[in-house]
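Take a look at the structure set out below.
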Amino acid sequence: MEKILAKKSFPQWVKKLDSWRVYIPRKDEEGRWNYFEADGGEVSLDVLQTTLPPKKILFPQREVFLEFAKTLAGNRETLEIKEVLPEVKPTVIIGARPCEARAAWMLDEVFGGEFKDVYYWKRRDQTTLVGFACTTPPSENCFCTSVEGSPHSEEGLDLLLTDLGDRYYVQSMTAKGEKLISAAKALFEEPKPEAKKQVKAAHAESEKKIRRQLKDARPIAQKLKGMFDSPLWDEESMSCLRCGICTYLCPSCHCFDIGDEVESPSPLKGQRVRTWDTCQFPDFTMHSSGHNPRPDKASRLRQRLLHKFQYFIQVYDKFMCVGCGRCITLCPVGIDIIKVLDKVRDHGA
Amino acid sequence: MAEDYEPRIVAFLCKWCSSAGSDLAGVSRMEYPPNVVPIQVMCSGSVSPLYIFSAFNKGADGVLVSGCHPGDCHYIKGNYYARRRLNLVKKLLEYVGLETQRFQMSWVSAAEGTKFTQIIKDFVKELKPLGPQTKLRRNP
Amino acid sequence: MAKIEDLKEEAKKLLREGKVKYIIGYGAGSNGWLAAPLFIKKPEDVDKLVWDPTCVHNLVRFLVDEKRRKARQKQPDKRPVGIMVKGCDSRAVVVLLQEKFIDRSDVYILGVSCEKMGVVDDAKLAKKLAGKKAKRVEVDAQDRFVVTTEDGKIEMAAEELLAERCLECKANFPVIYDLLSGEKTKRPLDKPFGSLEKIESLSAADRSSFWKEQLDRCIRCYACRSACPMCYCDECVVDSINLAVTADTTADEKAQRIHWIQRSAESSENLVYHLVRAIHLAGRCIDCGECERACPLDIPLRFLNKKLEKEAKELFGYEVGFDPALPALISCFRDEDPQDFIR
Amino acid sequence: MKRTGVFICHCGINIAGTVDVKKVAEELAKHPSVVHAEDYVYMCSDPGQNLIEQAIREKKLDGVVVACCSPNLHETTFRNAAKRAGLNSFRCEIANIREQCSWVHKDKPKATQKATKIARSAVEKVRQNESLDALSVPVTRRALVVGGGISGLQAALDIANTGFEVILVERNPSVGGHMIQLSETFPTLDCSQCILTPKMVEVSKHPKIKLMTYSEVQDVSGYVGNFKVKILKKPTYVDPAKCTLCDECTKVCPIVVPNEFDLGLTGRRAIYIPFPQAIPASYTLDDKNCPDPFTTIACGKCADVCNPKAIDFDQKPEIIEAEVGVIIVATGYDLYDKENMAEYGFGKYADVLDGLQFERLCSASGPTMGQILRPSDHKEPKEVVFIQCSGSRDPENHCAYCSKICCMYTAKHAMLYKHHVHDGQAYIFYIDIRSGGKGYEEFVQRAVEEDGVVYLRGKVSKVFEEKGKIMVWGVDTLTGRSIEIAADMVVLAQAMRPSTGAQELAKKLKLALDKDGFLAEAHPKLRPVESVTAGMFLAGAAQAPKDIPEAVAQASGAAAKAVAILSQDRLFHSPTVAKVISNLCTGCGMCVAVCPYDALTLKDGKVEVNEVLCEGCGTCTATCLRSAIQVKNLTQQQVAEMINACLGG
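Keeping their order, the protein sequence lines are chains A, B, C and D.
Using the working numbering, read the first sequence as starting at 1234 and increasing by one per residue.
Using the working numbering, read the second sequence as starting at 113 and increasing by one per residue.
Using the working numbering, read the third sequence as starting at 158 and increasing by one per residue.
Using the working numbering, read the fourth sequence as starting at 35 and increasing by one per residue.
Dropping the structure here:
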């Protein structure tokens, strides 16, 4: 389904979505963009890249799996375990970038498949993603086109909105998307043929505006297979601080840790929780023997790149990088994934 | 604040002076509110800032650290280190907005059962109007 | 800004003669206006060194990596590492010496004086440019900033762009060095802790909500402690892991893991984490501002550390990072230390 | 540990009256690591202790918590009971629910709740306690006494008389200290030398005492029971075995320097005997003054005239190493430096003297053979002004403290003066008269009543010379009159200071000093003769100004403390000491700096604990940023769980 939504009707549409929990990017006083719950207030349309991708909504940083408590009745000790599944209201994420939606589509692969992660899918099934095509790249480090994405990619999205000046061109890819349109039918119009042309042009134009480029991503992925022991990793990781910025803020990184948070040892009471974790932390691969197979920054940088550009491809035939550029923009020491992969490509050449 | 609100206080008492002073309060059958649970440490100098943060994190409404008077430390100078370290802790907690009354330090000698009693009475009295501590507390 | 030709000459000589293993300095960043850490092993690469107000990083942090690397090697190369330091960074070297983390012979200190300048604050710059992207930031002969954007050059007065910490700097030239580039220009400092006044003047309740709002953003990526040269512990006390286990560590010891706080990024846990970090940096933080700069969520961490720096000065007359022979702030006391807070 | 037993004492109604002990036992039984919980009317009674022993055996308990009275009362009782049942005594902990709970609260439910928390907290602690054995070290049964004044002599004799060996080190050529310089002693006016010399002789003849004069302690290492000391023996260039005390050498020696014994009132030669009764009875060639620093040639005349050939120019300094179990420091005092009292003309006018100089003038063996004469013109002074608190009790300009003995010796000086110069007049300027002590007040009264000493309450404002007199201006604060005395002599009761070099020695011994530089005692009231370091004791004025009987008493006290250690084969020490988690330690040394006992050292970038020196205070624990140092059985992990237990429920 394809429609036209006048920009001035956009806030009205958001208001109409009152049976959904609506997340939308908003700028705070300090100029930081982030996803907030839309409380019917102002809806801003000149969205730049948010610091945290919408991953935090689909895959929250902390999630309770179960609650446990020991009780003593007479002489019988019982351990009570209660599964805690997220109670999720239908949710819409408006303003997701096509790359971020592509990342959600990757998370779907990871948390789906043969073993479905019920916690993830409880949320995911209820979530509708409304994307904005990037007619202006939201970050100077965008490189989606280099990793098989595009500023108007539909993958993972339910709706895609493209800015056509005073109106949006709305494409619906799924039934979920259509439901959003039908929530405020009156606001949408049928597109005229020239609008279709315009949108095509806008999409083509948007691709040209992407400033950064990684050449030959697929051949690089091939080449990485032989570079496990390369001294390159050591050199490139020299300035790494071993913080978690590149991975925590990455829309596709999804590693986690599961641990028990004991509230009281007597009587025993607590929760089992899942929290984000990252391969960039030195304890990520720490064995209880004290052995750490990735003992240094070089091996951890290598892991990040190989996961995204080799292992993931082997399993899913996709890059686990959507080219949003957050890891480049926010790295405190300027480690640039494009430059590192450039070096991989040119290595030994 | 609700009338029946009872603040929870953890008191780190040094073994040689303050815990002995608290014992004296008992021997003298003085009375103070039962809101305080004592933890005996060897010296006020051994009280790590982590203990204080942790106590608040685990739900304490007030934390007291009590040691020997300056010059009387069983370990010569542990209380001087405590005084410096915990002054910083107090300033930091106040700075992040914790009410100043919630963290207290005192010098109580083995002979000062009365003083110990008074400190606890005052502490409870000062904490009551503040209500439960929620800032550092996990799952308040 | 100082010229660093003399420094480059010395760096080349050091590398040529093999007197240093490598040199940690500043090079052009790969992306944007900001310089980036540069590791130089060959004399011919020395010309890649840059020195401008975008050299914000405290490279002393990389001495921690160097020590870890050496610890892993069976026969470590014992030659010193050359390192470029600003005034603030040099005080970090002093603290590492004070804490015996490094030995003076481990480093060859290439000091650069900020003279009348300092480094650029990226948030201030972003605000000034309002969406425009800077390509270069330079200083002209009149000590004014010249920012090059796509639309041309913009001039700005130093105070408008300098990082807050530079405006409150106590050491605009290195306090310890083997070679110094630039002048030892003293500059007046009327309010060394002026930036704290805004928070200090708030009521307790307002301070509480200020910090809650700030720290609730924390995602515990630990960029703050990762960027900090003083956070050199192999295992942070707030981590409920036991990184430092060896084959000899007993099961009992492994089980004795203190859960001071949870890993979950919740209000209380974030606050306690940052409190622990602040108290552990009391008398050690030299206000290089790296924690705050590294933070992707822009939490004003510097205000936490600066507060304790202020208290250390006012309560105990303690100033950090000038004398490696001084005991640590919490490893000493004075008979007259204040005790008006004690009952 | 998973098998903890909890025993709750009723203490009659002392606990059970306010705490529902059954409820506490019930609650504690729910704890995952508690396998046994019971209450009993008197746990400390034999049947009560039997219950504990029985439960340990039957239920194979690996930890015991007794919730009862303060650990100060019955911790040992219950630990012994645990031990009898085969449990390590350090796996027994006390939860104080009487003094810190039942006795101070009235509300039964609340007191019960609190008692439960206290007991739970003890369970958390004991759960993680290690089995420990008391540390023990062998004892070297020998003492070192530093300082040969009255305190050192007394301490050495007291120890030697119990049969232990003593090394007595004195830095001067003779023992005797300041007491040997005194004329007569208050309040009995017996001759100081007459009562001291027998002790000096006894020391030199004692088979258990090795006397090392003209020697200094250079270095001390080790710990209680096992100190290693290095003593520097300076060359005297005279063999005491050969010396016949003929005194021919001094007659030919051309070098004259001020005589220390007479405080510069006379001179001595470069080769000299400090005073006739010196012990050891021998001469010393003072190599600071011979050869003459200007000519740098030793004339050798002394050796030429020495018939027994006792002079040996080839003597060299020697370092003597010794092992001792205890050390007594009795380094005494010096008088406050003259330089500091220019306001009283001290050092400027020959007839302004300090107390010790006046002692020499009064002494029958002194420079004037016991006649009191002015140093300037050898005339008998007819009016003498004594000024008390010269440098004492003056926090702004001098010493803040009271030197304690000056009131008494000034009264004595005035009295002795009157005994020598019957028609003379003595004036004493004072702030207060402090005459606490047996017979002391009577002594002062005697000075006033029998010898007509005029006491003037007030401070002297100015002392200056005019027409051969020393003018003293002051104010009598009792009458408000200003006073002007044209005196022939002024005697200043100078403040007592720690002896020169004491600070340096304290550093070598790692002893703490108080703010005035005197050696710090372990506790100002309860441990006045012990230093902060185990096995080191303090005697005499090195610790604080004191008079002879006090110094002797402290010396005997220190000796008794020393003997208490020496009389044991092994020393036992609490094993709840610090331990280092080596992988976490970065060797920053912060803990080393705070340890009050120097128990921590850095070795190869890691901290090491000397368990015998560690007292387990835990200040290191709170200082360490990485929790790399912990006190056994009170680790941060344990405290963390205790905090949790105190707040739970």
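All C-beta atoms in this analysis are idealised placements derived from N, C-alpha and C, irrespective of residue type, glycine included.
task: Would you check if the distance between the CB atom of Gly-244/C and the CB atom of Ile-180/C is smaller than 9 Å?
output: Sequence index remark: in the third sequence, residue 244/C carries index 87 (1-based). Sequence index remark: in the third sequence, residue 180/C carries index 23 (1-based). No, the pair does not count as a contact, with Cβ atoms beyond the cut-off.
message: Counting only C-beta atoms, is Asn-147/B closer than 9 Å to chain C at any point?
response: The residue you call residue 147/B lines up with position 35 of the second sequence. Judged by the 9 Å Cβ criterion, Asn-147/B is not in contact with chain C.
- request: Return the chain-ordered list of same chain residues with a C-beta closer than 8 Å to the C-beta of Thr-318/D, the five sequence neighbours on each side being excluded.
  value: Looking up residue 318/D in the fourth sequence gives position 284. If we look at Thr-318/D and ignore the five residues flanking it on each side, its Cβ neighbours are Pro-207, Tyr-248, Thr-270, Tyr-271, Val-272, Ile-305, Tyr-306, Ile-307, Pro-308.
query: So, do the segment 149 to 168 of chain D and the segment 571 to 586 of chain D have three or more beta carbon pairs nearer to each other than 8 Å?
result: no
task: Can you grab the Cα-Cα spacing for the pair Lys-666/D / Gly-97/D, in whole Å?
output: Within the fourth sequence, numbered from 1, the residue matching residue 666/D stands at position 632. Within the fourth sequence, numbered from 1, the residue matching residue 97/D stands at position 63. Rounded to the nearest angstrom, the two C-alpha atoms are 16 Å apart.
field: Local conformation of Asp-101/D per DSSP, three classes
entry: To locate residue 101/D, count along the fourth sequence from 1; it is residue 67. Note that residue 101/D corresponds to Ala in the displayed sequence, not to Asp. Looking at Ala-101/D - three-state DSSP - the assignment turns out to be strand.
field: Under 7 Å from the C-beta of Lys-1572/A: neighbouring residues of chain C
entry: For the purposes of this step, residue 1572/A is taken as the residue at position 339 of the first sequence. Within 7 Å Cβ-Cβ: Ser-187.
query: DSSP three-state call for Ala-585/D: helix, strand or coil?
result: Here residue 585/D is taken as the residue at index 551 of the fourth sequence, counted from 1. Helix, per DSSP.
message: Taking only three categories from DSSP, how would you classify Ile-86/D?
response: Taking the first residue of the fourth sequence as 1, we reach residue 86/D at position 52. Reduced to three states, the DSSP call for Ile-86/D is helix.
- request: Measure the CB-CB distance between Cys-385/C and Arg-226/C and report whether it falls below 9 Å.
  value: Taking the third sequence and counting its residues from 1, the one referred to as residue 385/C is at position 228. Taking the third sequence and counting its residues from 1, the one referred to as residue 226/C is at position 69. No, they are not a contact pair.
- prompt: To which residues of the same chain is His-607/D closer than 6 Å at the C-beta, ignoring the five residues directly before and after it?
  reply: Sequence index remark: in the fourth sequence, residue 607/D carries index 573 (1-based). For His-607/D, where only same-chain residues beyond five positions count, the Cβ hits under 6 Å are Leu-169, Val-646.
- prompt: Leaving out the 5 sequence neighbours to the left and right, which residues in its chain are closer than 6 Å to Pro-161/B when beta-carbon positions are compared?
  reply: On the second sequence, residue 161/B is found 49 positions in, with the first residue counted as 1. Val-201, listed in sequence order.
query: Is Val-419/D near Ile-519/D, with beta carbons less than 9 Å apart?
result: Here the question's residue 419/D lines up with position 385 in the fourth sequence. Here the question's residue 519/D lines up with position 485 in the fourth sequence. It is a contact, given that the beta carbons lie within the stated cut-off.
- request: Would you list, in sequence order, the uninterrupted beta strand (DSSP E) runs of no fewer than 3 residues that lie entirely inside the segment 227 to 298 of chain C?
  value: 238 to 242, 264 to 269, 291 to 296
field: Given 8 Å, three or more beta-carbon pairs between the segment 437 to 447 of chain C and the segment 248 to 258 of chain C
entry: yes
Option in His-431/C, Leu-428/C, Lys-463/C, Pro-457/C with minimal Cα separation from Arg-441/C: Counting from one through the third sequence, the residue named residue 441/C turns up at place 284. Of the candidates His-431/C, Leu-428/C, Lys-463/C, Pro-457/C, the one whose C-alpha sits nearest the C-alpha of Arg-441/C is Lys-463/C.
field: Local conformation of Cys-225/D per DSSP, three classes
entry: Position 191 of the fourth sequence, counted from the first residue, corresponds to residue 225/D. Strand at Cys-225/D.
Bounding residues of the beta strand (DSSP E) (the contiguous stretch that carries Leu-337/C): Numbered from 1 along the third sequence, position 180 holds the residue referred to as residue 337/C. Counting along the chain, the beta strand (DSSP E) containing Leu-337/C begins and ends at 336 to 338.
field: Option nearest Asp-581/D by Cα separation, candidates Leu-216/D, Lys-503/D, Asn-106/D
entry: By one-based count along the fourth sequence, residue 581/D stands at place 547. Minimum Cα distance to Asp-581/D is reached at Leu-216/D.
query: Between the beta-carbon of Ser-424/D and the beta-carbon of Ala-529/D, is there less than 9 Å?
result: Counted from its first residue, the fourth sequence places residue 424/D at position 390. Counted from its first residue, the fourth sequence places residue 529/D at position 495. Yes, the pair counts as a contact, with Cβ atoms nearer than the cut-off.
- prompt: To which residues of the same chain is Ala-679/D closer than 8 Å at the C-beta, ignoring the five residues directly before and after it?
  reply: Locating residue 679/D in the fourth sequence gives position 645, counting from the first residue. Excluding sequence neighbours, Ala-679/D sits near Lys-151, Arg-154, Ser-155, Val-157, Glu-158.
Alpha carbon of Val-40/D to alpha carbon of Cys-1560/A, nearest angstrom: In the fourth sequence, the residue the question calls residue 40/D occupies position 6. In the first sequence, the residue the question calls residue 1560/A occupies position 327. Spanning the two alpha carbons is a distance of roughly 56 Å.
task: Taking 9 Å as the cut-off, decide whether the C-beta atoms of Ile-121/B and Gly-174/B are in contact.
output: As a first step, residue 121/B must be located in the second sequence, where it is residue number 9. As a first step, residue 174/B must be located in the second sequence, where it is residue number 62. Cβ atoms of Ile-121/B and Gly-174/B: closer than 9 Å.
task: With Val-1280/A as the anchor, note down where its beta strand (DSSP E) starts and where it stops.
output: To locate residue 1280/A, count along the first sequence from 1; it is residue 47. Neither: Val-1280/A is in no beta strand (DSSP E) and is coded neither H nor E.
message: Short of 8 Å in beta carbon distance, which residues of its chain neighbour Ile-294/C, apart from the five on each side in sequence? Order them along the chain.
response: Within the third sequence, residue 294/C is the residue found at index 137, counting from 1. According to the sequence as given, residue 294/C is Val; it is not Ile. So the qualifying residues of the chain are Trp-190, Asp-209, Pro-210, Thr-211, Val-277, Leu-282, Phe-302, Val-303, Val-304, Thr-305, Leu-318.
- request: Taking C-beta pairs closer than 7 Å, name the residues in chain A that Asp-396/C reaches, listed in chain order.
  value: The sequence position of residue 396/C within the third sequence is 239, counting from 1. In chain order: Asp-1516.
field: Cutoff 6 Å; reference Gln-255/C; Cβ partners in own chain excluding five residues on either side
entry: Within the third sequence, residue 255/C is the residue found at index 98, counting from 1. If we look at Gln-255/C and ignore the five residues flanking it on each side, its Cβ neighbours are Pro-481.
- prompt: Does DSSP put Lys-1442/A in a helix, a strand or coil?
  reply: Stepping through the first sequence from its first residue, residue 1442/A is reached at position 209. Note: Lys-1442/A maps to helix in three-state DSSP.
- request: Determine the extent of the beta strand (DSSP E) in which Asn-260/D is found, giving its start and end residues.
  value: The residue given as residue 260/D occupies position 226 in the fourth sequence. It spans 260 to 267 - the beta strand (DSSP E) in which Asn-260/D sits, taken as one unbroken run.
message: Determine whether the beta carbon atoms of Met-77/D and Phe-124/D lie at a separation below 9 Å.
response: Mapped onto the fourth sequence, residue 77/D falls at position 43. Mapped onto the fourth sequence, residue 124/D falls at position 90. No, Cβ-Cβ distance for Met-77/D and Phe-124/D is not below 9 Å.
query: In the segment 117 to 161 of chain B, which residue ranges form an unbroken beta strand (DSSP E) of at least 3 residues, counting only runs that do not cross its ends?
result: 121 to 126, 148 to 153
Distance CB(Val-386/D)-CB(Ser-565/D) smaller than 9 Å: Counting from one through the fourth sequence, the residue named residue 386/D turns up at place 352. Counting from one through the fourth sequence, the residue named residue 565/D turns up at place 531. No. Outside cutoff.
message: Pull the bridge partners of Tyr-1268/A from the DSSP assignment, please.
response: Against the first sequence, residue 1268/A aligns to sequence position 35. According to DSSP, which records beta bridges pairwise, Tyr-1268/A is partnered with Pro-1258/A.
message: Would Gly-197/D and Val-360/D qualify as a contact pair, given that the criterion is a beta-carbon distance under 9 Å?
response: Within the fourth sequence, the letter at position 163 stands for residue 197/D. Within the fourth sequence, the letter at position 326 stands for residue 360/D. Contact: no.
- prompt: Shorter than 9 Å from the beta carbon of Leu-1563/A to some beta carbon of chain C?
  reply: For the purposes of this step, residue 1563/A is taken as residue 330 along the first sequence, with counting starting at 1. So, interface residue.
message: So with CB distances below 7 Å, who are the chain D contacts of His-437/C?
response: Within the third sequence, numbered from 1, the residue matching residue 437/C stands at position 280. Those are Leu-659, listed as they occur along chain D.
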